[in-house]
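So the sequence shown is numbered by our numbering: it starts at 12 and just counts up by one.
All C-beta atoms, glycine included, are put in the ideal place defined by N, C-alpha and C.
Remember, predicted model here, so these are calculated numbers, not experimental data.
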Amino acid sequence: MAEYTRLWNCLALIRLRNPPVNSISTAVLHGIKAGLQKALTDHTVKAIVICGADGKFSAGVQVCDSSVFYNAQCSP
Ligand SMILES: C/C=C(\C)C(=O)SCCNC(=O)CCNC(=O)[C@H](O)C(C)(C)COP(=O)(O)OP(=O)(O)OC[C@H]1O[C@@H](n2cnc3c(N)ncnc32)[C@H](O)[C@@H]1OP(=O)(O)O
């Protein structure tokens with residue numbers, strides 16, 4: 012999952028949340044995309060911060076979820 016939060020001033024935050032290491036699954040990828048779309052349609056947003064939950068950023072692609080590569084390349 013990835014949670015979108017509109018922060019103060021011109022900032023938006025996308026927080027990756029996929030315990031234990033916030034790896035990027037297909038669901039996380041979709042959450043990032045949804046967050047980016049929200050930020051892009053809010054013309055007051057000037058910068059997007061992407062972080063990971065619970066003090067970790069991300070271990071990268073979720074092992075054993077090869078569909079992540081397909082979804083990253085093929086989704087519009
Ligand atoms: C193209 C290529 C792209 C886009 C890539 O992203 S390549 C990068 C792929 N990711 C990695 O190679 C990272 C592999 N993981 C690590 O190096 C380490 O796990 C860590 C540094 C992220 C954390 O180390 P540590 O704090 O010692 O914890 P553990 O190694 O014990 O891991 C904790 C649990 O997390 C699970 N884990 C780790 N990485 C992934 C991952 N990428 N996808 C899914 N799950 C992951 C790990 O299996 C442990 O799970 P449990 O055993 O506790 O159930």
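Buried or exposed: residue i, going by 16 or more other Cβ atoms within 10 Å of its Cβ?
i	result
Leu40	buried
Asn29	buried
Gly66	exposed
Ala58	exposed
Val79	buried
Gly46	buried
What residue range is occupied by the uninterrupted alpha helix (DSSP H) comprising residue i?
i	result
Ile61	Where Ile61 is concerned, there is no enclosing alpha helix (DSSP H), although the beta strand (DSSP E) it sits in stretches over Ala58 to Gly63.
Ala38	Thr37 to Thr52
Would you report the Cα separation of residue i and residue j, rounded to the nearest angstrom?
i	j	result
Gly42	Asn20	23 Å
Asp53	Cys62	20 Å
Pop quiz: residue i and residue j are said to be a contact at Cβ under 8 Å. What is the actual Cβ separation, rounded to whole angstroms?
i	j	result
Lys49	Tyr15	5 Å
For ligand 1, enumerate in chain order all residues having a CB closer than 5 Å to any of its heavy atoms. Pro31, Val32, Ser34, Ala70, Gly71, Val72, Gln73 and Val74
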